[in-house]
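Peer 1:
Residue numbers (the numbering used here): 128 to 258.
Structure follows, in structure tokens:
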């Protein structure tokens, strides 16, 4: 990890510690991801109290709410099962279609030692064949 990455993470962790709730925390993570990537549209969801909470930037509110609801509904094709370890690439394709993005990348939010606690959906082309 480079010093600049460590600095970004330290700053973000400091901001997250002051977040009032999961929705505000998801907004902080999403804004930083968009800023660092140069991407303009995305949605972030975080599991809180056995529900998904989240926010979007550059995405109509009705689509954000619909996606957040669908991502937490096991009956929906857009459901994000954080425990399954399934293909993030497949989830990205479904999320892109659901949100009206040309393409999407889903980035899990977590520390790498446990199941992800959330995810960021960014409007972007997916080119990483490792997942």
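Glycine residues also receive a C-beta, built at the ideal position from the N, C-alpha and C atoms.
Predicted model only: the values in this text are computed from it and were never measured.
(1) Could you tell me whether any Cβ in chain D is nearer than 7 Å to the Cβ of residue 165?
(2) Among 235, 196 and 197, which residue has its Cα nearest to the Cα of residue 215?
(3) Since residue 182 contacts residue 171 with CB under 8 Å, what's their CB separation in whole angstroms?
(4) For residue 228, I'd like the list of residues in its chain whose CB is within less than 6 Å of its CB, leaving aside the five on either flank, ordered along the chain.
(5) Just tell me which of 142, 139 and 196 has its CA closest to the CA of residue 178.
(6) Taking the C-alpha atoms as reference points, what is the distance between residue 143 and residue 168?
(7) From this set, 162, 163 and 244, which residue's C-alpha is nearest residue 209's C-alpha?
(8) Would you mind reading off the limits of the alpha helix (DSSP H) that contains residue 248?
(9) Pick helix, strand or coil for residue 207, following the three-state DSSP scheme.
(10) Tell me whether the beta-carbon of residue 223 lies closer than 7 Å to the beta-carbon of residue 233.
(11) Mark residue 180 as exposed unless 16 or more other C-beta atoms lie within 10 angstroms of its C-beta, in which case mark it buried.
(12) With DSSP as the reference, label residue 146 as helix, strand or coil.
(13) For the beta strand (DSSP E) that residue 183 lies in, which residues bound it at each end?
Peer 2: Working from what's here:
(1) Absence of chain D from the displayed structure is noted, only one protein chain being present.
(2) 235
(3) That pair is a contact at about 6 Å.
(4) The residues are 250.
(5) Ranked by how close their Cα comes to the Cα of residue 178, the residues 142, 139 and 196 have 196 in first place.
(6) A direct Cα-to-Cα measurement between residue 143 and residue 168 gives close to 21 Å.
(7) 244
(8) Not the alpha helix (DSSP H): residue 248 falls in the beta strand (DSSP E), residues 245-250.
(9) Note: residue 207 maps to coil in three-state DSSP.
(10) The criterion of a C-beta distance shorter than 7 Å is not satisfied by residue 223 and residue 233.
(11) buried
(12) coil
(13) 178-184
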